[in-house]
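Numbering (our numbering), first residue to last: 38 to 224. C-beta: ideal position from N, C-alpha, C; glycine also.
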Amino acid sequence: KRWFHRSITLKEKLKPQDKPGLARAYGGLGRLYLFAARDHDGETRENLLHQAQEHFQEDIELCKDYGDISGECQMHSHLGECSLLLECYKDAALSYERSLALAQNPISQGFALIGLIRSHDALGEAEAASETAGTICALALEHDLPPFLRPMLLEVLDLPTVHAEGIASWDDARHALGDVGSAGEEE
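Structure representation (structure tokens):
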């Protein structure tokens, strides 16, 4: 944490300012606070999450300033995670929607969709959760997603508000994600 603060102080003094480096330092500091918050409860957790949000917001502003869409996308997903942990589910959904709108690759889309479906589930929005599940199914069928992302996507497809009805690609998508118990496999 001390090194990120030092990096921020140094980069703010540089002329011209190293905006990409400064954004990475703010984002790194935000992630430290986010990861630390997972190990705490109550007021300490809440304070750490608010600090993380402040740093992610700083990163976003810098990313906008120098045109780093990918960095901005990632920080919106991190803001969404903070909001989920703070049980501010509407804010989480908005952050994940922003992230999805900025996503330029299937991995970023996957992370945004995971957060978005978790937000809809927490809000009890079954229709929106199921619609997002359909988008996840399409993503799984269009792209060979990396192995680390597949179990996370399968997990959110099993949330209580998600319904397979009306999603024609449901079984094939689950199979593409590695669900060995799904239909669509040749017998």
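In angstroms, rounded to a whole number, what distance separates the CA positions of residue i and residue j?
i	j	result
residue 197	residue 71	26 Å
residue 73	residue 103	29 Å
residue 178	residue 212	9 Å
residue 143	residue 182	7 Å
residue 93	residue 83	15 Å
residue 167	residue 153	11 Å
residue 111	residue 217	31 Å
residue 172	residue 195	15 Å
residue 122	residue 39	25 Å
residue 41	residue 49	12 Å
residue 139	residue 79	33 Å
residue 67	residue 91	8 Å
residue 221	residue 184	For residue 221, the predicted structure reports a pLDDT of 45, less than 50, and the residue's modelled location is therefore unreliable. The matter cannot be settled from this model.
residue 134	residue 54	30 Å
residue 200	residue 163	8 Å
residue 64	residue 77	20 Å
residue 165	residue 191	17 Å
So what does DSSP say about residue i, is it helix, strand or coil?
i	result
residue 205	coil
residue 38	coil
residue 75	coil
residue 88	helix
residue 186	coil
residue 125	coil
residue 213	helix
residue 67	helix
residue 108	helix
Comparing C-alpha positions only, which one of the options sits nearest to residue i?
i	options	result
residue 136	163, 150 and 126	150
residue 158	129, 39 and 209	129
residue 169	118, 68, 204 and 116	204
residue 176	183, 147, 41 and 110	147
residue 120	184, 89, 200 and 188	89
residue 189	109, 174 and 81	174
residue 180	208, 214, 162 and 132	214
residue 186	202, 162 and 145	145
residue 62	75, 96, 85 and 87	96
residue 107	77, 60, 85 and 131	60
Ranges of the alpha helix (DSSP H) found wholly within the segment 131-205, counting only runs of at least 4: 143-159, 163-179 and 187-194
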